[in-house]
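Student: Got a structure for you, questions after.
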């Protein structure tokens, strides 16, 4: 198997391979039997193979920290998120399954998008159809994983332990989903949409889907919800859903399927993979950390909360008492825009208003900048806090614990030594 | 179409090893050495891998003897336990998982579909680990585990991937903010 196949998840063959031929292969290569072969547990990877080889890199990606290589999950180092628009090389990756071969080959052969279910006329659209029949739409959009910040929860929550970097704001081009849905004619019975994609479940069992989520029909018909085939002026990269992905701005990234092949208009809340159970759901009421919450008391996450990051300087900077410290970062919110940005250098006792730039468009992040000075030498923390247009602020503490560790929008803090 | 982003060549995970093992400089294949001989039948590599494997199994003390001359009284499990016990070196990790007793059962049952790194990221109570095994069986294609195997896996996970306490905080480099999000927790 090649490295490429590892990235693509084909190493799942490993299970069968190890159980069957693994030991025999080792013995054969050695030209001698392994004396205690009978005791060798089926499927074992010999310890000598267990040398940790360091952190894997994903070519084409830069400044990301790989959390998992099968499936691929990588977050951006927060200081690498400083660009106004996140380059493809730095955008985080959250895959749930095995990428389809098409993504790697870049071929559109046999690809189409189906729109069906509660529509007057089912559509099967090629990429040319999408490009020629509908008005092109371009927007810079924040995509943030619902579990961004999960690592902050105690007791720890299950799932990839994202810290700050499961977020990015890139420029996308494609069409509005509503234009396509209108062309199919949405019936009054439509309640929800569910997407289906070409990626495979990690077990390679074709009866299982790695992920199939969606949004209520109202969100699907929102003018900002789009089908994108371009990211920062390039065809959608393999890792980001070639050839087509859905983006539902302001909602968890998982609502926007990658490697899209079908939009299924439903007459009920979509019940695909990771729509039910505890996936992308939080308790309907606040719970004490560690509480067992019954599944029926979990509700689907919709809008993401207001949030910000500090991209300059890096935490741990040493600065001089005589100098002003320039700070900057981005702020965004699931409801569309951020009203104010503040910073504090005295553990939240006083707050200084930061400069906040207007977003490039709705649901793009906003650049903030500030400059602070310090009264005397010592250890400081810079805290940064965004407020959305409804007046909701980022909490100082990790907010409402939930079993799967979603929606942590606590303020980011950086450590500063003033010498 | 920008081929930089979609060529298979560009989509491979590469490995940047922090160290190299003497006599085994195929550093780029350490992450997944099985991969090499599974498809390509790289005999040299298989030989090296097999030799290393045998050396490790029989422990550092016997490493200079020809590996095949060692009598086979022990199960692999025992040999592994002893090797770990004898070793004064820090516990080695494999894709983030400690190579302590029981690690082999986790590898044998869990990494067919997902990476060990997914496990290594988690620090859960025994109860949550047990729930995770149930979910993996019900939803994600994990075969039914015998009660004995389930216990072995849970023993390993509870011991090595249990919740982190204050230790985590103490080990945090100062470059992270020193005040805890909530000092009461």
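Residue numbers (our numbering), protein chains in the order written: chain A, -19 to 399; chain B, 193 to 377.
Even for Gly, the Cβ is constructed at its ideal location relative to N, Cα and C.
This one's a predicted model, so the numbers in the text were calculated from it and none came from an experiment.
Taking only three categories from DSSP, how would you classify residue 375 (chain A)?
Tutor: As a working note, residue 375 (chain A) is residue 395 in the first chain. Looking at residue 375 (chain A) - three-state DSSP - the assignment turns out to be coil, as it is neither helix nor strand.
Student: Between residue 318 (chain B) and chain A, is the shortest Cβ-Cβ distance under 9 Å, so that the two count as touching?
Tutor: For the purposes of this step, residue 318 (chain B) is taken as the residue at position 126 of the second chain. With 9 Å as the cut-off, residue 318 (chain B) does not count as an interface residue toward chain A.
Student: Please work out which residues of its chain come closer than 7 Å, Cβ to Cβ, to residue 281 (chain A), disregarding the five sequence neighbours upstream and downstream, and give them in chain order.
Tutor: As a first step, residue 281 (chain A) must be located in the first chain, where it is residue number 301. Excluding residues within five positions, the ones whose Cβ falls inside 7 Å are 126, 232, 260, 261, 262, 386, 387.
Student: Is the number of C-beta pairs between the region 53 to 72 of chain A and the region 286 to 301 of chain A that are closer than 8 Å three or more?
Tutor: The region 53 to 72 of chain A vs the region 286 to 301 of chain A: in contact.
Student: Where does residue 403 (chain A) fall in DSSP's three states?
Tutor: Any question about residue 403 (chain A) goes unanswered here, given that chain A covers just -19 to 399.
Student: Might you give, ordered along the chain, the residues of its own chain that have their beta carbon closer than 6 Å to the beta carbon of residue 393 (chain A), omitting 5 neighbours on each side?
Tutor: Locating residue 393 (chain A) in the first chain gives position 413, where the first residue counts as 1. Contacts found: 361, 363.
Student: For residue 347 (chain B), which residues in the same chain have their Cβ closer than 6 Å to its Cβ, ignoring the five residues on either side in sequence?
Tutor: Taking the first residue of the second chain as position 1, residue 347 (chain B) is located at position 155. Only 294 meet the Cβ criterion.
Student: Following the continuous beta strand (DSSP E) through residue 47 (chain A), name the residue where it begins and the one where it ends.
Tutor: For the purposes of this step, residue 47 (chain A) is taken as the residue at position 67 of the first chain. From DSSP, the beta strand (DSSP E) with residue 47 (chain A) extends over 44 to 49.
Student: Which residues in chain B have a C-beta closer than 7 Å to the C-beta of residue 185 (chain A)? List them in chain order.
Tutor: As a first step, residue 185 (chain A) is located in the first chain; it is residue number 205 there, counting from the start. Within chain B, the residues near residue 185 (chain A) are 333.
Student: Tell me where the alpha helix (DSSP H) around residue 321 (chain B) begins and ends.
Tutor: By one-based count along the second chain, residue 321 (chain B) stands at place 129. Residues 318 to 331.
Student: In this structure, how does DSSP classify residue 163 (chain A) when only helix, strand and coil are distinguished?
Tutor: Position 183 of the first chain, counting from 1, holds the residue named residue 163 (chain A). DSSP places residue 163 (chain A) in helix when its eight states are reduced to three.
Student: So if I threshold CB-CB distances at 8 Å, which residues from the region 299 to 319 of chain B count as touching chain A?
Tutor: Those would be 299, 300, 301, 303, 304, 305, 306, 307, 309, 310, 313, 314, 315, 316, 317, in chain order.
Student: Mind pulling the beta strand (DSSP E) runs of 3 or more residues that sit fully within the region 160 to 229 of chain A?
Tutor: If we require 3 residues or more, the beta strand (DSSP E) runs fully inside the region 160 to 229 of chain A come out as 172 to 177, 194 to 196, 206 to 211, 225 to 227.
Student: Return the bridge partner residues of residue 152 (chain A) from the DSSP annotation.
Tutor: Here the question's residue 152 (chain A) lines up with position 172 in the first chain. Its beta-bridge partners are A:119, A:211.
Student: List the residues of chain A that residue 324 (chain B) touches, going by C-beta distances under 9 Å, in chain order.
Tutor: One-based indexing of the second chain puts residue 324 (chain B) at position 132. The contacting residues are 138.
Student: Of the residues A:287, A:397, A:315, A:328, which one's Cα is nearest the Cα of residue 348 (chain A)?
Tutor: Numbered from its first residue, the first chain carries residue 348 (chain A) at position 368. Per the Cα distances, A:287.
Student: With 8 Å as the limit, tell me which residues of the region 265 to 299 of chain A have their beta carbon closer than that to any beta carbon of chain B; keep them in chain order.
Tutor: If the cut-off is 8 Å between Cβ atoms, the region 265 to 299 of chain A has 269, 294, 295, 296 near chain B.
Student: List, in chain order, every chain A residue whose beta-carbon is nearer than 9 Å to that of residue 355 (chain B).
Tutor: Along the second chain, read from residue 1 onward, the residue named residue 355 (chain B) stands at position 163. What residue 355 (chain B) touches in chain A: 134, 135, 136.
Student: Helix, strand or coil, according to DSSP, for residue 55 (chain A) in the structure here?
Tutor: Here residue 55 (chain A) refers to the residue found at position 75 when the first chain is read from its first residue. Residue 55 (chain A): strand per DSSP, three-state reduction.
Student: Looking only at its own chain, which residues have a Cβ that is under 7 Å from the Cβ of residue 275 (chain A), when we skip the five neighbours before and after it?
Tutor: Position 295 of the first chain holds residue 275 (chain A). Closer than 7 Å at the Cβ level, and outside the excluded window around residue 275 (chain A), lie 257, 258.
Student: By how many angstroms is the C-alpha of residue 130 (chain A) removed from the C-alpha of residue 142 (chain A)?
Tutor: Start at 1 with the first residue of the first chain, and residue 142 (chain A) comes out as number 162. Start at 1 with the first residue of the first chain, and residue 130 (chain A) comes out as number 150. Those two C-alpha atoms are separated by around 5 Å.
Student: Specify, as a first and last residue, the run of the alpha helix (DSSP H) that residue 82 (chain A) falls within.
Tutor: On the first chain, residue 82 (chain A) is found 102 positions in, with the first residue counted as 1. Residue 82 (chain A) -> alpha helix (DSSP H) spans 81 to 85.
Student: So, with DSSP's three-state summary, where would you put residue 341 (chain B)?
Tutor: On the second chain, residue 341 (chain B) is found 149 positions in, with the first residue counted as 1. The answer is helix: DSSP assigns residue 341 (chain B) an H, G or I state.
Student: Between the region 186 to 204 of chain A and chain B, which residues of the former have a C-beta closer than 9 Å to a C-beta of the latter?
Tutor: Here the close residues are 188.
Student: Let me see if you follow: with CB-CB separation under 9 Å, is residue 141 (chain A) close to chain B or not?
Tutor: Reading the first chain from its first residue, position 161 is the one you call residue 141 (chain A). Judged by the 9 Å Cβ criterion, residue 141 (chain A) is in contact with chain B.
Student: Taking 9 Å as the CB-CB cut-off, is residue 51 (chain A) touching chain B?
Tutor: Counting from 1 along the first chain, the entry for residue 51 (chain A) is found at position 71. Yes, its Cβ sits closer than 9 Å to a Cβ of chain B.
Student: Quick test of the definition: if touching needs 3 or more C-beta pairs under 8 Å, does the region 323 to 335 of chain A touch the region 105 to 122 of chain A?
Tutor: No, because fewer than three Cβ pairs between the region 323 to 335 of chain A and the region 105 to 122 of chain A fall closer than 8 Å, the two stretches do not touch.
Student: If you follow the alpha helix (DSSP H) that residue 298 (chain B) is in, where does it begin and where does it stop?
Tutor: Counting from one through the second chain, the residue named residue 298 (chain B) turns up at place 106. Looking at the DSSP string, the run of the alpha helix (DSSP H) that includes residue 298 (chain B) is 295 to 302.
Student: Who are the Cβ neighbours of residue 114 (chain A) in its own chain at under 7 Å, not counting the five residues just before and after it?
Tutor: On the first chain, residue 114 (chain A) is found 134 positions in, with the first residue counted as 1. So the qualifying residues of the chain are 155, 159, 160.
Student: Using a Cβ-Cβ cut-off of 7 Å (strictly less than) and excluding sequence neighbours within five positions of residue 300 (chain B), which residues of its own chain qualify?
Tutor: As a position in the second chain, residue 300 (chain B) is number 108, starting the count at 1. Excluding residues within five positions, none has a Cβ falling inside 7 Å.
Student: Considering only the alpha carbon of each residue, which of A:203, A:384, A:89, A:47 lies closest to residue 121 (chain A)?
Tutor: The count along the first chain starts at 1 and reaches residue 121 (chain A) at position 141. Residue 121 (chain A) has its Cα closest to that of A:203, out of A:203, A:384, A:89, A:47.
Student: Quick one: which chain B residues come within Cβ less than 8 Å of residue 48 (chain A)?
Tutor: Translated into positions along the first chain, residue 48 (chain A) becomes position 68. Residues of chain B passing the Cβ test: 306, 307, 309, 310, 313.
Student: Given residue 405 (chain A), which residues of its chain have a CB within under 8 Å of its CB, disregarding the five upstream and five downstream residues?
Tutor: Nothing can be reported for residue 405 (chain A): it is not among the residues displayed for chain A, which extend from -19 to 399.
Student: At a cut of 8 Å, does the region 308 to 327 of chain B reach the region 160 to 177 of chain A through at least three beta carbon pairs?
Tutor: No, the region 308 to 327 of chain B does not touch the region 160 to 177 of chain A.
Student: If you measure beta-carbon to beta-carbon, which residues of the region 56 to 74 of chain A are closer than 7 Å to chain B?
Tutor: Answer in chain order: 68.
Student: If we ignore side chains and look at the alpha-carbon of each, how far apart do residue 153 (chain A) and residue 95 (chain A) end up?
Tutor: Locating residue 153 (chain A) in the first chain gives position 173, counting from the first residue. Locating residue 95 (chain A) in the first chain gives position 115, counting from the first residue. Straight-line Cα distance between these residues: approximately 20 Å.
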